[in-house]
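Trainee: Here the protein sequences line up with chains B and V, keeping their order.
Each number in my numbering corresponds to the 1-based position in the first sequence with 42 added.
Each number in my numbering corresponds to the 1-based position in the second sequence with 106 added.
Heads up, the beta-carbon is just placed ideally off N, CA and C, and yes, glycines get one too.
As the structure is a prediction and not an experimental result, all values here were calculated from the model.
This is the structure I have questions about; it appears just below.
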Amino acid sequence: GAGVSQSPSNKVTEKGKDVELRCDPISGHTALYWYRQSLGQGLEFLIYFQGNSAPDKSGLPSDRFSAERTGGSVSTLTIQRTQQEDSAVYLCASSFRLAGEVGGVYEQYFGPGTRLTVT
Amino acid sequence: AQTVTQSQPEMSVQEAETVTLSCTYDTSESDYYLFWYKQPPSRQMILVIRQEAYKQQNATENRFSVNFQKAAKSFSLKISDSQLGDAAMYFCAYRTYTGTASKLTFGTGTRLQVTL
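Set out below in structure tokens:
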């Protein structure tokens with residue numbers, strides 16, 4: 043079956059512009075995650091959606107960052123008034139997890155990421 | 107908060123040889139998961155191997171194995187019979203066992219080069 047897909051693959055934008063990054067998770071996966079990978083750094087958690095629950099936004103670095111997940115499937119990460127420090131690879135992952143369930147591996151499957159360059 | 111440390115920014119190994127990548131972590135939890143992910147130039151994160159903290163036996167997946175030392179909070183990855191296709195960034199990651207938030211906490215990665 044199809045894996046996690048992300049679009050665009052690469053995005054170059056000017057400082058101060060808004061950008062939207064899209065993630066299509068694996069069909070049937072209930073959980074969706076966004077991570078940011080800056081040059082020379084590991085992945086940094088941004089936000090987590092689980093079913094219809096309120097998202098965990100604890101990793102968003104500023105109020106310029108927001109994300110939504112429509113219909114429990116596709117997610118969009120929006121960065122307003124982009125800054126040069128926002129330049130990074132943005133990775134999306136999905137996993138299957140029952141609501142309220144704890145424990146378990148819940149393996150995360152990653153997309154190929156979007157490389158964002160702010161000039 | 108949990109932290110994951112990879113102290114080797116780069117490693118090199120000859121084809122067919124064995125290499126070990128180091129990872130240490132800090133946590134106050136007793137139950138958790140540890141993972142090694144591989145990231146080739148395509149950027150796709152690929153799960154290599156995982157370890158449940160409550161299991162004493164070290165995980166093994168073909169040429170990949172781990173040395174999990176819970177008391178020392180160490181989780182190293184051994185790659186045997188290295189192949190050119192093993193060249194990539196390798197990330198160690200931690201995930202809590204309990205709780206509803208299942209985010210992964212990553213180290214900064216080790217770039218592995220495989221030479222002929």
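If you check the beta carbons only, do GLY114(B) and SER47(B) fall under 8 Å apart?
Mentor: no
Trainee: Identify which residue in ALA122(V), GLN150(V), PRO146(V), ASN173(V) has its Cα closest to the Cα of GLN189(V).
Mentor: ALA122(V)
Trainee: Starting from ARG217(V), trace the beta strand (DSSP E) both ways and give me its first and last residue.
Mentor: 216-221
Trainee: Would DSSP call GLU89(V) helix, strand or coil?
Mentor: With chain V covering only 107 through 222, there is no way to say anything about residue 89(V).
Trainee: Please go through the same chain and pick out, in chain order, the residues whose beta-carbon is closer than 7 Å to the beta-carbon of LEU153(V), but skip the five residues on each side of it.
Mentor: PHE141, TYR143
Trainee: Going straight from the alpha carbon of TYR90(B) to that of PHE212(V), what length do you get?
Mentor: Rounded to the nearest angstrom, the two C-alpha atoms are 15 Å apart.
Trainee: At what residues does the beta strand (DSSP E) containing SER100(B) begin and finish?
Mentor: Looking at the DSSP string, SER100(B) is not in any beta strand (DSSP E), and its letter there is neither H nor E.
Trainee: Quick one: grab the DSSP three-state call for ASP192(V).
Mentor: helix
Trainee: Quick one: which chain B residues come within Cβ less than 9 Å of LEU210(V)?
Mentor: Within 9 Å Cβ-Cβ: TYR75, TYR77, LEU85, PHE87, ALA135, GLN150.
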